[in-house]
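In my numbering, the protein residues as written are 403 to 814. Note that CB positions come from ideal geometry on N, CA and C, so glycine has one too. Keep in mind that this is a model prediction, so the values were computed, not measured. Here the structure comes first, spelled out in structure tokens, and everything after it is commentary.
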Ligand SMILES: [Zn+2]
């Protein structure tokens with residue numbers, strides 16, 4: 403519990419940002435400095451942040467990267483403390499029309515969101531008491547004053563639904579705000595992310611496996627896991643670093659404070675806040691549960707970074723066998739075959755594979771890769787496309803969704 407002095411801890415956070423696009427304006431920099439209470443700022447495009455996660459952000463979709471304060475984490479398995487680095491990667495909310503939100507707009511959105519939710523007098527906390535209910539998993543929403551009163555029942559509905567699905571003893575806090583974004587855009591969102599060594603990722607997944615889990619113990623042993631970062635090459639990279647969302651880190655590796663995700667929704671969008679009586683427009687509850695799913699770790703690096711892997715990617719393979727029998731049919735093959743974390747290659751041949759069942763995954767084009775593949779019969783609520791009038795009520799998450807969360811360390 404000693405030696406807690408680290409860079410930034412005495413002087414306040416030292417944020418940096420990077421985005422796919424232009425350098426931020428001075429006005430925005432000053433706004434960021436104001437809300438983070440920063441004493442020093444360093445801004446640059448992606449190339450200006452060597453050795454930082456922003457350096458490898460994929461530029462296919464617009465994104466805005468915000469460096470968050472470092473946090474001390476306590477590793478569950480060992481009780482040791484470690485200083486962890488965190489970033490937010492703001493992207494258009496799934497279902498938004500592509501090409502509308504630019505990196506500049508995402509930056510403004512991120513700054514506006516943080517300014518809103520950092521005002522303690524303007525925030526409502528949604529944390530429904532669960533009297534008599536044994537629900538160690540606690541989901542908390544902190545809502546800025548811009549969240550419409552009519553939306554609040556949706557947050558409570560999502561909270562109670564998700565708390566009943568998982569049994570991990572963690573509290574996940576998500577901040578939400580609303581703002582005007584024009585037509586075709588649902589909003590912008592970011593989980594906060596850190597990295598863990600593959601060794602800690604595997605240890606956390608194995609130690610945290612629930613009674614029904616058998617697969618995690620079959621992850622390759624050692625300090626690295628083989629990943630193909632190109633679907634047109636047989637080259638296998640021995641990866642030693644795995645990205646986790648903060649919520650997934652807490653469910654699997656260790657305890658850490660901080661907000662797990664930030665979301666800003668479009669107040670000019672035709673939301674239906676109550677799917678229980680039919681849906682006219684877009685079901686807010688469905689979109690919210692989907693976005694919380696990303697915050698809980700349903701994320702592929704194939705859609706966010708180049709040559710990186712997330713916890714969910716530890717289960718990601720090529721669907722076609724190709725010349726090297728890439729699709730695992732047995733536990734032994736599942737251990738031995740390289741994972742596939744590549745953007746749009748081979749086209750439409752990406753899966754998550756649990757040996758006994760596999761699910762088609764989006765390859766990044768035309769939909770963001772952090773999803774199941776879009777098809778006419780939805781694989782699950784973590785599909786990439788969502789349409790007016792659609793709802794997964796009352797089930798919301800299908801077995802496919804629950805299997806994915808189970809795999810990355812959520813207990814059920
Ligand atoms: Zn999504």
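For ligand 1, is there any heavy atom lying closer than 8 Å to the beta carbon of residue i?
i	result
residue 579	no
residue 770	yes
residue 752	no
residue 760	no
residue 641	no
residue 515	no
residue 786	yes
residue 509	no
residue 693	yes
In or out: residue i buried (at least 16 other Cβ within 10 Å) or exposed?
i	result
residue 460	buried
residue 519	buried
residue 510	buried
residue 699	buried
residue 640	exposed
residue 662	buried
residue 500	exposed
residue 703	buried
residue 584	exposed
residue 593	buried
residue 493	buried
residue 749	exposed
residue 734	exposed
residue 570	buried
residue 538	exposed
Per DSSP, residue i is paired with what?
i	result
residue 774	763
residue 580	667
residue 644	598
residue 755	760
residue 491	467
residue 502	None, per the DSSP bridge assignment.
residue 817	Not covered by the structure: residue 817. The range shown for the chain is 403 to 814.
residue 483	476
residue 628	640
residue 526	545
Does the beta carbon of residue i sit closer than 9 Å to a beta carbon anywhere in chain E?
i	result
residue 462	Although the question refers to chain E, the structure presented lacks it and comprises just one protein chain.
Q: Let me know the alpha helix (DSSP H) ranges lying completely inside the region 585-620, each 4 residues or longer, listed in chain order.
A: 600-609
**Q.** Every unbroken alpha helix (DSSP H) within the region 536-563, with a cutoff of 4 residues, ordered by chain
**A.** none
Q: List in chain order: all unbroken alpha helix (DSSP H) runs of 4+ residues lying wholly within the region 705-760.
A: 733-738
Q.
To test your reading of the DSSP string, which unbroken alpha helix (DSSP H) runs of 4 or more residues are found completely within the region 651-705?
A. 686-697
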